[in-house]
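In terms of UniProt numbering, the sequence shown has 118 at position 118, counting the first letter as 1, and numbering is strictly consecutive.
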Amino acid sequence: MSNYIDIQEIEELSLNAFPSLQTQHLDGWILRFSNGYAKRANSINPLYDSQEDIQKKIEECERIYREKGLKVIYKLTQQVFPKQLDKILERKGYNVVGVTSVQCLSLEESETHMSDKAVISNQLTDEWFTDFSELNHIDDTDQHTLKQMLKNINTDVCYVRLINNSETIACGMGVLEDGWLGLYDIVTSEKHRNKGYGMEIVSSILEWGKNHAAKKAYLQVMLNNKQAINLYTKSGFVEAYRYWYRITK
C-alpha cells in the first residue's frame, strides 16, 4: 500500500461513517453534536482552511457547545487549520486526551476469510443492536442516541455478529465508501476474549469488504488499548497517522 495517506480524506470518510445527530459548519470547521455520546460525535473538526479571527472563533465554539450543555472538545490531527491550533488550545488550558492511532490496510495484499460463525446484515437489526449494546454496556439513553446515528449512515454497511451455540460472542460493523472500508465498533464478549474471535470478526468484515469492491480498509484504535492494537497488527494494519482530542478542564 502506498505510504501516502490523505488525512483529510480519511477524516471525511469517518465523519460519514459515524454521523452525528447535528452538524454545523463554521468557517471551515465542522461542529458535531450528539447528546454527548462519544467524543468524536460531539467535537469540533477543523478540517478546512479558515478566514476568521482564531480567538473569536474559539470563543464562538465555546459558547455554542456550552449553550447545549456539552463539553468543548476539539478533534485534531497533524493536518488542521490553522496549523498552530493545537498550541493555541494548549495555551488556553485545553488538555490532551484520547490519543488514537488511525491504521490502514491494503485489501489487495491481505488474506481474509468469512467465519462460519458470522451472521451478516446490510441493515441495522434489533438483534445486532441489542447484542452490541450489551457487550459494550451502553445505557438506555445512549442507546437511543446511537441508534439514531447509525440510522443516519448513507453508505453501504455490514453489521456482523459471531454466534456460537446460540450466543453472540462478538460484534462489529464495516462502512464502505469510495473503495474504503471503515471498521467500527469491534467488541468481543469479556468471557470469550483471547480466543481468536476478534481476529475472526475482523477477517469477516474485511472479506465482506472485498466482496463489495473495497480496495483499502481503515480503523481507529486508542493507543492505550494494547490488546486491540496487537489484534490489528496481526491482521496487517499499519499506522497512518494519529488524532487526539483537546478538551477543557
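Every residue gets a Cβ at the ideal spot worked out from N, C-alpha and C, and that includes glycine. From a predicted model like this one, the values you see are computed outputs, not experimental measurements.
Asked                                                                                                                                                                                             : Found
Taking just the CA atoms, how far does PRO46 sit from ALA240?                                                                                                                                     : 19 Å
Is it the case that the Cβ atoms of ALA210 and GLY179 are separated by a distance below 9 Å?                                                                                                      : It is Lys, not Ala, that sits at residue 210 in the sequence shown. Their beta carbons are not under 9 Å apart, which means LYS210 does not touch GLY179 by this criterion.
For SER166, which of VAL119, GLY98, LEU150 and SER101 has the nearest alpha-carbon?                                                                                                               : VAL119
Using 10 angstroms around the beta-carbon of TYR74, count the other beta-carbons present and answer buried if the total reaches 16, otherwise exposed.                                            : buried
Using the Cβ count rule (16 or more neighbours within 10 Å means buried), how would you classify LEU223?                                                                                          : exposed
Which residues in the same chain as ASN136 place their Cβ atom closer than 7 Å to its Cβ, once the five residues preceding and following it in sequence are excluded?                             : VAL187
Is the beta carbon of ARG32 sitting closer than 9 Å to the one on ASN16?                                                                                                                          : no
Quickly, what does DSSP pair TYR94 with across the bridge? List them, please.                                                                                                                     : None; TYR94 has no bridge partner.
Distance, Cα to Cα, ASN230 vs ARG242?                                                                                                                                                             : 17 Å
Are there three or more Cβ pairs, one per stretch, closer than 8 Å when the segment 94–106 is compared with the segment 141–155?                                                                  : no
Whose C-beta lies closer than 6 Å to the C-beta of TRP29 among residues of the same chain, with five residues either side of it excluded?                                                         : ILE44 and PRO46
Do TYR159 and MET149 come within 9 Å of each other at the CB atom, strictly closer than that value?                                                                                               : no
Drop a sphere of 10 angstroms on the beta-carbon of GLY93, count the other beta-carbons inside from all chains shown, and report buried for 16 or more, exposed for fewer.                        : exposed
Sort LEU146, THR77 and THR112 by Cα distance to VAL99 and report the nearest one.                                                                                                                 : THR77
Mind checking whether TYR197 and LEU162 have CB atoms under 9 Å apart?                                                                                                                            : yes
What does the alpha-carbon distance come out to for the pair SER133 and HIS144?                                                                                                                   : 11 Å
Taking Cβ to Cβ, would you say residue 252 is nearer than 9 Å to LYS87?                                                                                                                           : This structure cannot speak to residue 252, because the chain is shown only from 1 to 249.
Taking Cβ positions, are LEU13 and GLY182 nearer each other than 9 Å?                                                                                                                             : yes
Buried or exposed for ASN35, going by 16 or more other Cβ atoms inside 10 Å?                                                                                                                      : buried
What are the start and end residues of each continuous beta strand (DSSP E) run of 3 or more residues lying completely inside the UniProt domain "N-acetyltransferase" (119–249), in chain order? : 156–164, 167–177, 180–188, 216–222 and 238–247
Counting only runs of 3+ residues fully inside the segment 29–81, write out the beta strand (DSSP E) ranges in chain order.                                                                       : 29–33 and 73–76
What's the call for TYR246, buried or exposed, on a 16-neighbour Cβ count within 10 Å?                                                                                                            : Note that residue 246 is Arg in the sequence shown here, rather than Tyr. Buried is the call here.
Going by DSSP in three states, SER106 sits in which element: helix, strand or coil?                                                                                                               : strand
Report the rounded CA-to-CA distance for TYR37 versus ILE58, giving the unit in angstroms.                                                                                                        : 22 Å
State the CB to CB distance for the pair SER204 and SER115, rounded to an integer number of angstroms; the pair is presumed to be in contact (CB under 8 Å).                                      : 5 Å
Shortest alpha-carbon distance to ASN102 belongs to which of TYR184, LEU206 and SER110?                                                                                                           : Note that residue 102 is Val in the sequence shown here, rather than Asn. The candidate whose alpha carbon is nearest that of VAL102 is TYR184.
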